[in-house]
Amino acid sequence: MANTVTTGSDAPHDLSTGTEVPHDAGHAKAFPPLDPAHFAPQLFWLALSFGALYIILSRVALPRVSEVIEERRDRIQRDFDAAERLKDETDKALNGYEKALADARSNASSIANKEREVLNAEVAKEQAKVEDQISAKLTEAEARIAETKTKALQGVNTIAADTAVAIVAKLVGDTVSADEAKSALPANSQD
Amino acid sequence: MPDPIHQFEIKRYFPLEVLGIDATFTNSALYMVAATVLILGFLIFSMRGRALVPTRMQSIAESVYEFVAGMVRDAMGEQGMKYFPFVFAIFIFIFVLNMLGMIPGFFTVTTHLAVTAALAALVFVTVLIIGFAKNGFGFFKLFVPDGVPPLILPVVVLIEVISFLSRPISHSVRLFANMLAGHITLKVFGGFVVMLLGSAGAAAALAPLPILAATALTALEFLVAFLQAYVFAMLTCMYLNDALHPAH
Chain B
1 MANTVTTGSD APHDLSTGTE VPHDAGHAKA FPPLDPAHFA PQLFWLALSF GALYIILSRV
61 ALPRVSEVIE ERRDRIQRDF DAAERLKDET DKALNGYEKA LADARSNASS IANKEREVLN
121 AEVAKEQAKV EDQISAKLTE AEARIAETKT KALQGVNTIA ADTAVAIVAK LVGDTVSADE
181 AKSALPANSQ D
Chain Z
192 MPDPIHQFEI KRYFPLEVLG IDATFTNSAL YMVAATVLIL GFLIFSMRGR ALVPTRMQSI
252 AESVYEFVAG MVRDAMGEQG MKYFPFVFAI FIFIFVLNML GMIPGFFTVT THLAVTAALA
312 ALVFVTVLII GFAKNGFGFF KLFVPDGVPP LILPVVVLIE VISFLSRPIS HSVRLFANML
372 AGHITLKVFG GFVVMLLGSA GAAAALAPLP ILAATALTAL EFLVAFLQAY VFAMLTCMYL
432 NDALHPAH
């Protein structure tokens, strides 16, 4: 109340009322969060700051983040792919090695089989040759034996005839021709 | 007792008028500009190395990105990623404003209905534009659920229309009221401490009790600051999903 009395008379008092009156008016004002008096500046600066935020986020800031994340994902995928490819190559090499090993094994056994067959055939041929030779020699020997036997048998007959002639001459004093004596011998013994 | 409403007062720093509009630079404007600069500065600074193996800062930026991207993908699928920057901007803007408000003495922009209502209206209008641009009049299928008996269909459509139109209200008031109530409560509990300490004798011994309450509430308010930003962004995703797929 003292303020209203001194208003305009004294400068320092005037200043104090000047600060006090708006303060009292502030209490009478609307609840600030709902005060329409401040809507316009808030909306203006909201539009400005949020607009700038949205534009710079969508044009500059977020693409940078997504680029890095995608690049990392691609890189990991690439590494995975490379690992997969190397594994495939290793598997292929391993398969090749195993196949080569199996081939070599079967080759070796086929060579051994062939060699064995060749040897068996040679042995069989040699055997057959030897057997042929032996049998030829056997035949020859048999033929010789038969000839000798025949000769010997012929000799026996001649000796028997001669002996018979000599015996007849001694006993009977008569001479018998060799042919006669021979004819007297058993016919089958002449063979 | 300190006035719990004082913290919400708008302070006009530089009077400014743009095209006849009152564009005074206020404390609210300062915090919005600061939030924008902080967000862009952090994202661009932390991603400057574009490292394959991220630094700590870069992995924070990437985590926030992945968090919002996951939210968008879950709500809208891969085609919703077209609106990812919009959802990201809304989430990070509200989140940073809420968090700045948690610093003692700082102003909380989201405690003003004008800001939250404008953001909700932006989402609402965006949903309408995308909805009609993508589906034409098919967007009205949003109000006609499948498998409703024809007899009660008019009632259901009426309810759907009302619920659609009330979305921006609930969307904005949820954020605004949560932030406002939280900050008032903190201030009131803080005021109790001062009052009790100022009082004579035995009552001063009770001062630690409101301090404990205020400490617990501060933790809760940090959760609310994050949660309300998340809820606002999540609802934005769901509303945008309605614009993409109006038939339910």
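Line order of the protein sequences matches chains B and Z.
According to my numbering, the first sequence is numbered sequentially starting from 1.
According to my numbering, the second sequence is numbered sequentially starting from 192.
For every residue, glycine included, the Cβ atom is placed at its ideal position computed from N, Cα and C.
For clarity, every value in this text was computed on a predicted model and none was experimentally measured.
Alpha carbons only, please: which of Z/Leu304, Z/Ala394 and Z/Glu351 is nearest the one belonging to aspartate 433 of chain Z?
Z/Glu351
Roughly how far, in whole angstroms, is the beta-carbon of isoleucine 196 of chain Z from the beta-carbon of proline 32 of chain B, given that I think they are within contact range, below 8 Å?
7 Å
On the three-state DSSP scale, how would you describe arginine 239 of chain Z?
coil
Considering only C-alpha positions, which residue in the set Z/Val278, Z/Ile402 and Z/Arg239 is nearest to serine 58 of chain B?
Of Z/Val278, Z/Ile402 and Z/Arg239, the residue nearest in Cα terms is Z/Val278.
Does the separation of the CB atoms of phenylalanine 50 of chain B and phenylalanine 284 of chain Z fall below 8 Å?
yes
In chain order, what residues of the same chain have a beta carbon less than 6 Å from the beta carbon of alanine 424 of chain Z, not counting five sequence neighbours either side?
Val278, Ile281 and Phe282
Could you tell me how far apart the beta carbons of phenylalanine 367 of chain Z and threonine 302 of chain Z are, in whole angstroms, since I believe they sit closer than 8 Å?
Right, their Cβ atoms sit about 7 Å apart.
In the structure shown, what three-state DSSP assignment does valine 287 of chain Z receive?
helix
Go ahead and label tyrosine 97 of chain B buried or exposed: buried means 16 or more other beta carbons lie within 10 angstroms of its beta carbon, across all protein chains shown.
exposed
Would you mind telling me which residues of chain Z sit closer than 9 Å to alanine 82 of chain B, beta carbon to beta carbon, in chain order?
Result: empty, since nearest Cβ-Cβ is about 16 Å, beyond 9 Å.
Using only alpha-carbon positions, find the residue among Z/Leu231, Z/Phe199 and Z/Gly211 that is nearest to threonine 217 of chain Z.
Z/Phe199
How about phenylalanine 284 of chain Z: is its C-beta nearer than 8 Å to some C-beta of chain B?
yes
Since aspartate 213 of chain Z meets chain B, which of its residues come closer than 8 Å, beta carbon to beta carbon?
Ala40, Pro41 and Phe44
Please list the partners that arginine 75 of chain B has in chain Z, where partner means a Cβ-to-Cβ separation under 7 Å.
Leu243
Using a Cβ cut-off of 8 Å, pull out every chain B residue sitting near phenylalanine 279 of chain Z, in sequence order please.
What phenylalanine 279 of chain Z touches in chain B: Leu57 and Leu62.
Determine the DSSP secondary structure at phenylalanine 216 of chain Z, reduced to helix, strand or coil.
strand
Compare the C-alpha of threonine 376 of chain Z against each of Z/Ser354, Z/Arg365 and Z/Thr409 and name the closest.
Selected option, being the one with the closest Cα: Z/Thr409.
Which residue or residues does DSSP assign as beta-bridge partners of phenylalanine 205 of chain Z?
According to DSSP, phenylalanine 205 of chain Z bridges with Z/Phe216.
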